[in-house]
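A quick write-up on the structure given underneath.
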Amino acid sequence: MLIPWQDLSPETLENLIESFVLREGTDYGEHERTLEQKVADVKRQLQCGEAVLVWSELHETVNIMPAQSVSRITCNRRRTR
């Protein structure tokens with residue numbers, strides 16, 4: 102189930118994004134980026150619709166996923182029904 106990021110309090114959204122960024126691992130890019138920069142990038146992706154918040158009923162967790170991935174999953178489920 103998709104959760105509109107706008108429905109979360111700013112503090113909850115910030116904590117959720119920070120948790121996601123810390124879980125995702127290490128940067129191997131040319132320049133090291135701060136946690137604040139990574140959080141700002143993810144927040145921008147949510148605001149632009151490039152990423153979405155997804156609630157997993159099975160695991161009772163919230164994850165951040167690329168919007169394109171969620172669209173593909175939804176389309177594939179419709180085809181298999």
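To convert, take the position in the sequence shown, counting from 1, and add 101; that gives the numbering used here. All C-beta atoms, glycine included, are put in the ideal place defined by N, C-alpha and C. All figures in this text were calculated on a predicted structure; none of them were measured in a lab.
| field | Residue closest to E125, alpha-carbon to alpha-carbon, out of D108, I165 and L159 | value | I165
Item to complete: Assign S157 to one of three DSSP states: helix, strand, or coil.
Response: strand
Between the CA atoms of L154 and L147 - distance to the nearest angstrom
8 angstroms
Pair within 8 angstroms by beta-carbon distance, V140 and E115: yes
task: Using the Cα positions of L109 and H132, report the straight-line distance between them to the nearest angstrom.
output: 31 angstroms
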